[in-house]
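Note sheet for the following structure.
Number of protein chains: 2
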Amino acid sequence: MRLSQMLFVTLREDPAEAEIPSHKLLLRAGYIRRIGSGIYAYLPFMWRVLQKVSQIVREEMNATGAQECLLPQLQPSELWRESGRWDTYTQAEGIMFALKDRQERELSLGPTHEEVITTIAKEMIRSYRQLPLHLYQIQTKFRDEIRPRFGLMRGREFIMKDGYSFHADEESLKKTYDDMHKAYSNMLRRSGLAFRPVQADSGAIGGSGSQEFMVLAEAGEDEVLYTEDGEYAANVEKAVSLPADAKTSPFTSYEKRETPGTETIEKLCQFLKCSPTQIVKNVLYQGVYDNGMTVLVLVSIRGDQEVNEVKLQNELTKLADRYGGKTLLSLKVPDAEAQSKWAAKSLPLGYIAPDIADDYIADQKQLDRKFLRLVDKTAVELKNFVTGANESGYHVIGANWKEQFQLPEIVVDVRKARPGDRAIHNPAQTLQSARGIEVGHIFQLGIKYSKAMGATYTNEQGEEVPLVMGCYGVGVSRLAQAAVEQSYDKDGIIWPVAIAPYHVIISVPNISDGEQLQAAEKLYSQLNEAGIETLLDDRNERAGVKFKDADLIGIPYRIVTGKSLKSGKVEVVERASHKSEEIPLDEVVSTLKQRIEVAIHK
Amino acid sequence: MRLSQMLFVTLREDPAEAEIPSHKLLLRAGYIRRIGSGIYAYLPFMWRVLQKVSQIVREEMNATGAQECLLPQLQPSELWRESGRWDTYTQAEGIMFALKDRQERELSLGPTHEEVITTIAKEMIRSYRQLPLHLYQIQTKFRDEIRPRFGLMRGREFIMKDGYSFHADEESLKKTYDDMHKAYSNMLRRSGLAFRPVQADSGAIGGSGSQEFMVLAEAGEDEVLYTEDGEYAANVEKAVSLPADAKTSPFTSYEKRETPGTETIEKLCQFLKCSPTQIVKNVLYQGVYDNGMTVLVLVSIRGDQEVNEVKLQNELTKLADRYGGKTLLSLKVPDAEAQSKWAAKSLPLGYIAPDIADDYIADQKQLDRKFLRLVDKTAVELKNFVTGANESGYHVIGANWKEQFQLPEIVVDVRKARPGDRAIHNPAQTLQSARGIEVGHIFQLGIKYSKAMGATYTNEQGEEVPLVMGCYGVGVSRLAQAAVEQSYDKDGIIWPVAIAPYHVIISVPNISDGEQLQAAEKLYSQLNEAGIETLLDDRNERAGVKFKDADLIGIPYRIVTGKSLKSGKVEVVERASHKSEEIPLDEVVSTLKQRIEVAIHK
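Chains as they are written, first to last, in the UniProt record's numbering: chain U, 1 to 602; chain X, 1 to 602.
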């Protein structure tokens, strides 16, 4: 393509709307254009990158025997009501766009396709002989993000590959899940990215196990904890570890103490000269289920630990049945207003005891609101501990479960793993922290959707049982931007060769110089004929402008038809290293062809 | 691909939801699945067809120098308000889905992208040196159709290629428009379709000229009028012709006559023993402009002619200025209720005179509603004509313009051309009628959008002037179904080779016969290696079922590894002709490769 015939506009200054390097660069280099909040146009360069990423994804998916299809973006609300996710997605999380058609029927814009594909499976799969089956699509998806940002990283309209597999049993699911692990690793490797698969929380998608594929980058929104032996890596939301050992408590007899101004663990430790590992901290949450039921939750945890709210949310979801609900709609620390509604008298924040219920929330039971006590594993084993006295300015010391306080019935693991914690698989390893951009997520869904939606098949024994499902997603547009976030310098983007919009750019320093232009045109047609995707910068611009633009847009190889033409050579500059060399005209095509092939297939 | 590993389910019976053959066949053969009204999933076979059509479209577009991009489907309402189309699209026609995000900002789902692309052009194009420029995309689009039907023909979610070109002047636009005419003809020819380009109305898109590409098929929703010399073809909405000559009126003196029970032209002619060409028929319409202004329109036209409402709509749109509006929102024959509101006394329907205004709608002027009289060319030249007397049961005869009736100021051509009319370019040719499926539409938009949205560039003279635009659409999913509508038989689909999901299907009559299976497997891998897209029907089914399925899904060549194996041959059946021949095993690949190449490139 000739630059003179393209919509080619670059910016010298960073656009005000962009926060992270990749977003700034994609805007400056004319790859994308903002049309609305979280909504971007993919201009021709970007579209070429996205097509290349899509093609790599497609090839790896096809190689596993999965088949491509395209499901509708408009989805009737009935399907989402059947699976029980309509309310969660349109209201609680509110991340699904909903609309009404001219008949006032409710529709949504697909953020994901479990409901649609399960409906198709329900209608078309009858027998175990049709299994396993794996369908995927590459499609624009929609999420009404609370805070769209970072360009394509967290947009409201984005491109995803999503695949859904159907199986007769867990063993077959596990095999496809493992195949997907390999396929996803291949896709990312072939796209030229440094990445790490990590254990992940399954969130609103649900299911029994999942892994995320994280592209490592400082601007990543996710924190990953991993061990250096390569044996463990998890999203911090999901990570587990061994807590530090608790110190033996110096308080051997039970006593109530005046502890003024000790609302925080730190102040309390200073005041009592004790370790945070000797304290039972009691944290209040308020959960709301999909049937409207509000539950006040008190979590008792060891003083040096923090509550991982994703884990807590999962525990509360497991308890939904108990409150007549199906899912938890929201979880938060109750604000002042909520607290005043809850408590019969003002809550002694910072001084709450594990049994706050009796004293402070007696009224709640009359209101048919529920109170739930949970204790984290770290707090169970403590002896002679310090904890709140349910009275502002007072704590108790030397307390023990089953003596002064009933041990809550439900013991959970809701503690947040932290960098520096010892690893469970090998306590000699400590957890390290890294930032990552989630570009892939694979799930073992099990029968969550097939059961809810009645998608069954007849097994070999002639019984009708629910289909076992898996689902697998790749953020295609996010992956493309993640590549930039991982690979740029002060001059611009450095595309991995496999997903660069073009392989080569020929910069003609002076287009009024007939010799330069002629050499460039000849190379341009030779390179194109050899299947090397080439740009010709034939604009009437200064050489300096052309070189700056070539660096900014990040094409792997730049050919300059300049002074060295006198000796029958051109300058070839590698974008990543800025290394320059002179190559004889008749060797340019073969040299570049070989380098590009090596780069793409390495 | 092995059928045993696909989601392959065919139906023996026609599904109740489908009306036309192509819709029935795509459902029966498992190409598509209905998810909601006008909403379909494209299953793997269909997706392969759509990808092939898309690739042909892409190649033809790229060959003209147009560049592919992808614009957002979510479009901020502000853009549509700028162009002045928000109300027309969301309310009057109501064909655009609108929704609100979590911030209560209005968005629409793109049915077309003039607004988005013009915004980009406005921001990025500064100078004539950047022109001409042509961007296109292949994308899912949305229309909230009043009556979604015929499967992919008129869906609410469908795939389109839409392209937009920008020019410094009309001459450059005309060149690209001509290039598109050629590119579209190539696309349809290469896809194996019989089609006809026709003159078309530009509708809500606007602009100065447009052509539609019609795939000829009985189930087509459009009527095309054409001449056999190939010199003229137009959508009936747009078609022009010479009306038959009027007969000389026998009524040489003016007189009011009692004509009871003559509300129709036919009855009136019988009663008065005259020709319909001697009558001035007066038809009432009610138009509403975007500023809320309602106008009562009386159209006088020769009695043997019908009003073409699309032409009338265009005339009224031209008059929008006069009523302080920008566009016409709706046009209809006023219903009984509207008439009673309009008329000071009950309207003498069937007996209305060209000057109904004075007598019946005197009150309207007080209501600040407007009355407009239009006369069609066919009525202007009439002498001594018959027309209504503005009194039920009475007509006048021997009337003349400027004597008994004022000739309306505005003379228009709003008559409907009909099969049998004489052609304007050559009165010896008469118009023929055919049904067509509109799969492409190309427009010369001119400066309609660039002017409304302030998209200007600096021309060679240094003046800032609006960009001249064109736009060009192909219904990719509609085209794919149109191919089926044009090519099927009682046994199923007959795909044109170029867009068939696979080229060859190998049907193994009996998979427990080792020799059959072995020969089939060998051919399967040889064909795939030769780049021939091949299905292997390795299901444990009866041969008859396999042959029926192969015919239904319409794969161009079927190989049967049956009895002829004994003599080292297989049976090869051509789907279109059902012709069967025996081909030696070692000639199958080369024979088919050659036939497929000929079929694709013819």
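Ideal placement from N, C-alpha and C gives every residue a C-beta, glycine not left out. Quick caveat, the model's predicted, so the values are computed rather than measured.
The Cβ atoms of Gly-473 (chain X) and Asp-178 (chain X) do not sit closer than 8 Å to each other.
With a minimum length of 3 residues, the unbroken runs of beta strand (DSSP E) contained wholly in the segment 479-525 of chain X fall at 504-507.
Comparing alpha-carbon positions, the option among U:Ile-600, U:Thr-534, U:Ile-553 lying closest to Val-588 (chain U) turns out to be U:Thr-534.
Proximity to Ala-244 (chain U) across U:Arg-126, U:Leu-268, U:Ala-428, U:Gly-440 peaks at U:Ala-428, based on C-alpha coordinates. Apart from the 5 residues on each side of it in sequence, Val-411 (chain U) sits with its Cβ closer than 7 Å to the Cβ of Val-375, Lys-377, Val-380 in its chain, given in chain order. Inter-segment contact for the segment 121-130 of chain X and the segment 55-64 of chain X is absent: fewer than three beta-carbon pairs are separated by less than 8 Å. Under the Cβ criterion of 8 Å, Val-116 (chain X) is counted among the residues facing chain U. In this structure, the beta-carbon distance from Gly-398 (chain X) to Glu-258 (chain X) does not fall below 8 Å. Burial is judged here by how many other beta carbons sit within 10 angstroms of a residue's own beta carbon; Leu-43 (chain U) has at least 16 and is buried. Close partners of Met-453 (chain U) in chain X (Cβ separation under 7 Å) are lacking, with about 13 Å as the shortest Cβ gap. CA-CA distance, His-167 (chain U) to Gln-432 (chain U), rounds to 37 Å. Between Ser-487 (chain U) and Met-469 (chain U), the C-beta spacing is not below 8 Å. According to the DSSP assignment, Phe-195 (chain U) belongs to the beta strand (DSSP E) that extends over 195-199. A Cβ-Cβ distance of about 19 Å is found for the pair Lys-326 (chain X) and Tyr-285 (chain X), leaving them out of contact under the 8 Å criterion. Along the length of the segment 541-595 of chain U, whole alpha helix (DSSP H) runs at least 4 residues long occupy 543-553, reported in chain order. Comparing C-alpha distances from Tyr-323 (chain X) to each of X:Asp-290, X:Val-439, X:Gly-151, X:Tyr-184 shows the shortest one belongs to X:Asp-290. Not one beta carbon of chain U lies nearer than 8 Å to the beta carbon of Ala-599 (chain X). Contacts between Tyr-128 (chain X) and chain U, judged by CB atoms closer than 7 Å, are missing: the closest CB pair is about 13 Å apart.
Take the alpha-carbon of Glu-403 (chain X) and the one of Lys-247 (chain X): they are about 20 Å apart. Under the three-state reduction of DSSP output, Val-474 (chain U) falls in the strand class.
For Lys-281 (chain U), the enclosing beta strand (DSSP E) has its first and last residue at 280-289. Between Phe-547 (chain X) and Ser-507 (chain X) the beta-carbon gap is near 6 Å, inside 8 Å, which marks them as a contact. For the segment 7-38 of chain U, the residues whose beta carbon sits under 7 Å from a beta carbon of chain X are, in order, Leu-7, Val-9, Arg-33, Ile-35, Gly-36. Per DSSP, Met-96 (chain U) lies in no beta strand (DSSP E) and is assigned neither H nor E.
Counting along the chain, the unbroken alpha helix (DSSP H) around His-23 (chain X) starts and ends at 21-28. Shown here, Ala-234 (chain X) sits in a strand according to DSSP, grouped into three states.
At a cut-off of 8 Å between beta carbons, Tyr-42 (chain U) contacts chain X.
Non-local C-beta neighbours of Ser-22 (chain U) in its own chain, meaning closer than 6 Å and more than five positions away in sequence, comprise Gln-481, Val-484, Glu-485, ordered along the chain. Sequence-distant partners of Leu-26 (chain X) (beyond 5 residues in either direction) whose C-beta falls short of 8 Å from its own C-beta, in its chain, are Ile-32, Met-46, Gly-151, Leu-152, Gln-481, Val-484, Ile-493.
Counting only the Cα atoms, Pro-408 (chain U) lies some 12 Å from Asn-282 (chain U). Put simply, of X:Asn-314, X:Arg-422, X:Ala-41, X:Val-240 the residue whose alpha carbon is nearest the alpha carbon of Ile-159 (chain X) is X:Ala-41. Taken through DSSP and simplified to helix, strand or coil, Ser-210 (chain U) comes out as strand.
Taking a beta-carbon distance threshold of 8 Å, Thr-378 (chain X) does not count as an interface residue toward chain U. Against chain U, the beta carbon of Gln-91 (chain X) has no neighbour under 7 Å; the closest one sits roughly 10 Å away. Taking the beta carbon of Ile-146 (chain U) as reference, the chain X residues within 9 Å of it are Arg-102, listed in sequence order. In the DSSP annotation of this structure, the continuous segment of the alpha helix (DSSP H) that includes Ala-183 (chain X) starts and ends at 170-190.
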